[in-house]
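Protein chains in written order, with the numbering used here: chain L, 7 to 70; chain X, 74 to 867. Data first, discussion second: the structure below is written as C-alpha cells.
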Amino acid sequence: MSIIYMLLAISVVVAIIFFVAFIVSVRKGQYDDVYTPSVRMLFEDELVKSPAKENQPVNKEKFN
Amino acid sequence: MESCFHCGEDCLEELITFEKKSFCCAGCKTVFEILNSNDLSYYYDLQEAPGISPKLKDDKYEYLENAEIVDRLLEFDHEKTQIVSFSIPSIHCSSCIWILENLHKLHSGVKSSQVDFPKKTIRISFTAEEISLKNLVVLLSRIGYEPNIYLDNFEKKESEHDRSLIYKLGVAGFAFGNIMFLSFPEYFEINEFWLDQFKYLFRWLMFSFSLPVVFYSGKDYFISAYKGLRSGMLNIDVPIALGIFVLFVRSTAEIVLDLGTGFFDSLSGLVFFLLLGKFFQQKTYSFLSFERDYKSYFPIAVTRISSEDEQVEEQVQVYKIRKGDTVLIRNEELIPMDAEILEGQANIDYSFVTGEADLVNKAEGDKVYAGGRQKGSIIKLKVLKPVEQSYLTELWSNEVFQKDRSFGFQSLTNRISKNFTIAVLSIAVLATTFWLFADPSKAWNVFTAVLIIACPCAIALAAPFTLGNLLRIFGKKGIYLKDASVIERMAAIDTVVFDKTGTITTTGQTTAEYEGLELSDKELQMLGGSLKASSHPLSRSLYSILQHHGIRTPDSYKEYVGAGIECDFEGNRIKIGSARFTGESDSEEISNGKTAVHISSNEQYKGCFSFRNTYRKGMSGLFQQLSRDKYIIVLSGDNEGERDRLLSLLPVESGIHFNQKPGDKLEFIRQLQHGSRKVMMVGDGLNDAGALAQSEIGIAVSENINVFSPACDGVMDASILSNLADYFQLAKKGVSIIQASFILSLVYNITGLAFAVTGNLMPVVAAILMPLSSISIVIFTTLATQILSKKLKK
C-alpha cells in the first residue's frame, strides 16, 4: 500500500500544475476581458469569402 | 425611405447612391469606399448597417504633433514600436471589433490592434516612422471610430487591473477541492487498518493546504473585522473572522494532539463560498466611469498665439497655459479656462455646464467661463485664470467630491450582525459554563463548536447574491449602478429631487408656439427659406418645424450676429431674431420669460414663435407613482416660464424651485438631509454634479450612455426614466429577499447549534451543513430575484 505515497504525490503535483496554469493565465490578463475573445474566434476563416482575395493567393496565405 | 447601408440611419437630408447601395451622407459613403477598396467589406456581412457616420474636422488633431503630448499618450515607445490605447465610445458590435482589429490592412504602419469590447478600448501597436500618432487618430476618425482624447488621458496611463480577488478565489477553490478529497476517507471509515496508517499524512497535507486559505484568501476578513472593532462596530466580518480563526486553531490542535481530523474541509469551503459571493457582487460596468470630473471632457491642448510674434500659432498642453496668454478657440471647441474675448463674436453653448441649450452671445471685452463650447467663427481669447483655477474647476474642490458616500450607511447585513454576534457569544459562554460543571472535558469542544457552526456564512452570502443579481437585472434594463450597495440605499429613499432641463425634458426635441398676427403661406415659405440658410440652433429647430410649408430662396441674406437674420425676397423683407431686432420692445420678451424667435415682415412686427421644452413621455405617471410614498421636488436652473406646465404635471404636494445655480442645488440637498430625509438626485449636466455628489444616491440621466455622465452612483438611460418607480419597488423587494434569507440561514444556524451545544458536532456534520446552507441561500436568492425581474418585464 506504500504506492499511496506515490499516488498522493502525483495527485498533488497534477493539482499544483493546474493551479500554476491558472495563476499564469490570470497574470497574463486572460481574465481581464472575457467577452471579446469569444467574438474574435469567430472571425478569421470567413475572410476568404471576399472575391478579391481569391484572385490574390499571395495575400491569402497571410490569413491561414 | 431608404436607409443608409453603412450606418442604418434613414436618409433624410440627402441620398447618395454608390455601387447600388444607398448612403445618408458623403462620410458614410467614404467609409464604405475605404473598406471596400481594401477588401474589408466583410464588415457589412458580420452585422447589418454596423457603421458610424464619421464627423471629421481636419485641423482637430493638430496637437498630436506636439512631441510632449504624444509622449504622454504613448504607453510604450521604443525605436520602431509604439503602443497606444484609446477609448472609443462608438464601439458597439462585432463588426466594430473586426474592423478595428484589421487596421493593419488599412495602413501598413499599424502592426496590430486589440479591442477590449466591454471597456470599449483599443490598444494599437504601430511604427511611428510610417504612421504618426496624429495620422493614426485621423485614420480611426475617418472610418467612424473617433477616439476620446481628453485631459484625463494626459494624467494617468493604463491603470493596473486589480486581480487579487481572482487569485484569492483561485487559491481557496484549489485548497477546498483538495482538502475535500483528502478528508473524504475519514468521514465514514473508522478504525480501518490502512486508513490508520495514512491518516496522519492526510491530515498534515490538509493542514498545509489550509495555510494559504487562512492567511492569504481569508486575510481581508481579519483586516475588516479588526477595522470594524477598532471603530466600535460589530460588522459581519467579526463573526466570520472569529469563525475562521476558531476553525483553524481547533483543527490544528486536533491534529497535533491526535484527537481527530479537524475541520479543514469546512474551513476552506467557508472561505471559498464567501469569496464567491464577493466575486459575484463585483459586477462593474467597465465602459462607464462613475468618477468622472471635468477632466474627462476638457481638451488636452489648445492653440496658443505666441506673444512675441502674433503670427505663430502653436498647440500647447492645456496645463501650460498661463494667465495673460492669448489662445484661439475654433468652431465646436471647448473653452478650457476663464478668459476675456479679444477678437471675434462668441456664441457659447454652456449646455455641458448648465444643461441649458440656448447659446450665450458675448462680444469683445466680455468674460467667458471655462466649460463653454464655441459655435461659429474663430475667437481670440486672453486667459484670465488657468485651468486649475477656473470657475468650473473650483466646483470640484468642494468637499462633497472627496467624501465616500457609502461610508456611514449601515447595511442590513451589518445591522443584523451586531445582534447576531452578541447572541452567538452569549450562547457559547452559556453552553461552555454548563459543560464546565457537567463534563469539563467537553467544554473546550462545545465552545469552539458553537463559534464554528454559528459562523454566518449564509448571512454573509444573502446580500451579495441578491444585490449582485439585481445589479445585473438593472443593467439589462438600462440602469447602470456603481455597486451593489446602491440598491440597498435606494430602498431607503424617501425624497426624489429632479433636475428639469435635460432630465425630465428632452434635450433634442422642442415644440414652438406661434403668437401674433397670422402669417400667409407666402410669408411662411419665405421664413423657411431664410431659416434654412442660418446655422443658429434656434433657426435649425424652427426650420424643422416649418419645413413642410415649402421654402422660397431669398435674393439676399444677411446675418447680424447676436441679433438675427434679414432676408430680401423680390421686394419683401423678412427679419427674424430678437425682439429689438424685429422692432418690438424688449419688455414683452422678459415678461413671459420664454425663449422666443420674433418675426417681422416688411418692417412690420408680426409675432413670435416661443419654444417650449418637450417633457419626456410618462413623466406625469411617474410623478403620480412616486408620490405615493415619496416627496418629489423639481429644481431648475431656468427662469419661471414653465411653472404652470410643471404644476400641471406634478402631484399637489411637490416642490418646485427655479433659478437654482449649481451651488444652490447642492445646498438645497444638504438642507433636505438635515431634515433627516434620504434624498435621491436625478440630474444630467455638470451643473447637477454637486447635488449628485451630496445626495444619498445621485443618478445621471443620459440619452446616450456612452457620452456623458458626471460623477454619480448610477447612469440611467433616458428612455426608461418613466419606469423609475418600478425600480424603487424592485430595490425594496430585494431588501425583503435579503431579510427572508436571513431567516432561512438562522434556521440552519439553530440546527447546527443544537449539535454544537450538546457536544456532538462531527466534522462530517459541519462539512455537510456549511455548504448546504450556503448553496440553498444562493439558490433561493437567485430564484427570487429572477421571479421579481420577470414580473417587471410586463
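Ideal placement from N, C-alpha and C gives every residue a C-beta, glycine not left out. This one's a predicted model, so the numbers in the text were calculated from it and none came from an experiment.
Check                                                                                                                              : Outcome
Check whether P123 (chain X) and G100 (chain X) have beta carbons under 7 Å apart                                                  : no
Cut-off 6 Å between Cβ atoms - residues of its own chain near I663 (chain X), not counting five sequence neighbours on either side : Residue placement at I663 (chain X) is flagged as unreliable, the pLDDT there being 45, under the threshold of 50; a coordinate-derived value is accordingly withheld.
Where A531 (chain X) sits in the DSSP three-state scheme                                                                           : helix
Nearest residue (CA-CA) to G771 (chain X), options X:V569, X:T376, X:K648, X:Y704                                                  : X:V569
Other residues of its chain near K458 (chain X): CB distance less than 7 Å, five sequence neighbours each side excluded            : K396, M410, D411
CB contact below 7 Å: W913 (chain X) versus chain L                                                                                : Any answer about residue 913 (chain X) is impossible in this case: the structure gives chain X only from 74 up to 867.
Chain L contact for V157 (chain X) (CB, 7 Å cutoff)                                                                                : no
Beta carbon proximity, N251 (chain X) to chain L, threshold 7 Å                                                                    : yes
I742 (chain X) beta carbon less than 7 Å from that of Q767 (chain X)                                                               : yes
Residue-chain proximity (I10 (chain L), chain X), Cβ-Cβ < 7 Å                                                                      : yes
For L797 (chain X) and I577 (chain X), the rounded distance between their alpha carbons                                            : 12 Å
Expected contact under 8 Å - CB spacing of Q354 (chain X) and L238 (chain X) to nearest Å                                          : With 8 Å as the limit, Q354 (chain X) and L238 (chain X) do not qualify as a contact, their Cβ atoms being about 10 Å apart.
Neighbour flag for S341 (chain X) against chain L, beta carbons, 7 Å                                                               : no
Alpha-carbon to alpha-carbon, F249 (chain X) and C528 (chain X)                                                                    : 17 Å
Residue closest to P513 (chain X), alpha-carbon to alpha-carbon, out of X:I222, X:T831, X:Y370, X:Q462                             : X:T831
Environment of E327 (chain X) [buried if 16+ CB atoms lie within 10 Å]                                                             : buried
Residue-chain proximity (V45 (chain L), chain X), Cβ-Cβ < 7 Å                                                                      : yes
Host alpha helix (DSSP H) of A516 (chain X) (start-end)                                                                            : 513-526
Environment of D702 (chain X) [buried if 16+ CB atoms lie within 10 Å]                                                             : exposed
is_contact[W277 (chain X), chain L] using C-beta, thresh 7 Å                                                                       : no
Chain X contacts made by the stretch 27-39 of chain L, where a contact means CB separation under 8 Å                               : F28, I29, V32, R33, G35, Y37, D38, D39
Check whether L597 (chain X) and H622 (chain X) have beta carbons under 7 Å apart                                                  : yes
Exposure label - K102 (chain X); buried when at least 16 CB within 10 Å                                                            : buried
Neighbourhood of D439 (chain X) by C-beta distance below 8 Å, restricted to the same chain and skipping five residues each side    : E413, I414, A419
Three-state secondary structure assigned by DSSP to D422 (chain X)                                                                 : strand
Interface partners of E121 (chain X) on chain L, CB under 8 Å                                                                      : What E121 (chain X) touches in chain L: nothing, since even the nearest Cβ is about 16 Å away.
Test item: CB-CB of I161 (chain X) and Y218 (chain X) under 7 Å                                                                    : yes
Exposed unless 16 or more other CB atoms sit within 10 angstroms - verdict on S660 (chain X)                                       : In this prediction, S660 (chain X) scores a pLDDT of 48, lower than 50, which makes its location untrustworthy; no coordinate-derived value is stated.
Beta strand (DSSP E) segment containing K178 (chain X), residue limits                                                             : From DSSP, K178 (chain X) is part of no beta strand (DSSP E); its letter is neither H nor E.
Test item: CB-CB of V755 (chain X) and F571 (chain X) under 7 Å                                                                    : yes
Whole-angstrom C-beta distance between A557 (chain X) and L485 (chain X), which should lie under 8 Å                               : Contact doesn't hold; Cβ gap of about 12 Å is too wide.
Beta-carbon spacing of M12 (chain L), W267 (chain X) below 7 Å                                                                     : no
Residue nearest to V183 (chain X) in terms of C-alpha spacing, selected from X:F337, X:I204, X:I195                                : X:I204
Near-chain L residues of the stretch 146-178 of chain X (beta-carbon distance less than 8 Å), N- to C-terminal order               : S167, I170, W171, E174
Chain L contacts made by the stretch 179-190 of chain X, where a contact means CB separation under 9 Å                             : Q187, V188, D189, F190
Extent of the continuous alpha helix (DSSP H) run through I142 (chain X)                                                           : 140-146
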